[in-house]
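First up is the structure itself, then whatever we jot down about it.
Numbering (the working numbering), first residue to last: -19 to 87.
As structure tokens, then:
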């Protein structure tokens, strides 16, 4: 990672403030190391953003496919239920017609 931090200017400011030269240089080096370990560049953030967008798009596609699969399953089950209801309704109508016919015969 490349950060825009002038460690030489930082060390010079420390020396001007009375910090011994060796200590100023160590502080500047340590600060640069710390920044490189913990801070991200704009390019790195853009790469993470692109990766996240790609991952979100992949998840969106997977979710869309899953919803289509579930929609198909629901449609199939509803058709099956409709067929069973038609059969039961037909059976009930047959029994009702038979009962009415039997009552008419008895009367």
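We put the CB at the ideal spot given by N, CA and C, even for glycine.
This one's a predicted model, so the numbers in the text were calculated from it and none came from an experiment.
- Membership of residue 71 in the alpha helix (DSSP H) is indicated by the continuous run 22 to 86.
- Contact annotation: the region 15 to 23 does not touch the region -9 to 5, with fewer than three C-beta pairs closer than 8 Å.
- For residue -1, same chain residues with a beta-carbon under 8 Å away, outside a window of 5 residues either side, are 7 in chain order.
- For the region -12 to 25, the full-length alpha helix (DSSP H) segments reaching 4 residues or more read 1 to 18 along the chain.
- Pairing residue 38 with residue 24, the inter-Cα distance amounts to about 21 Å.
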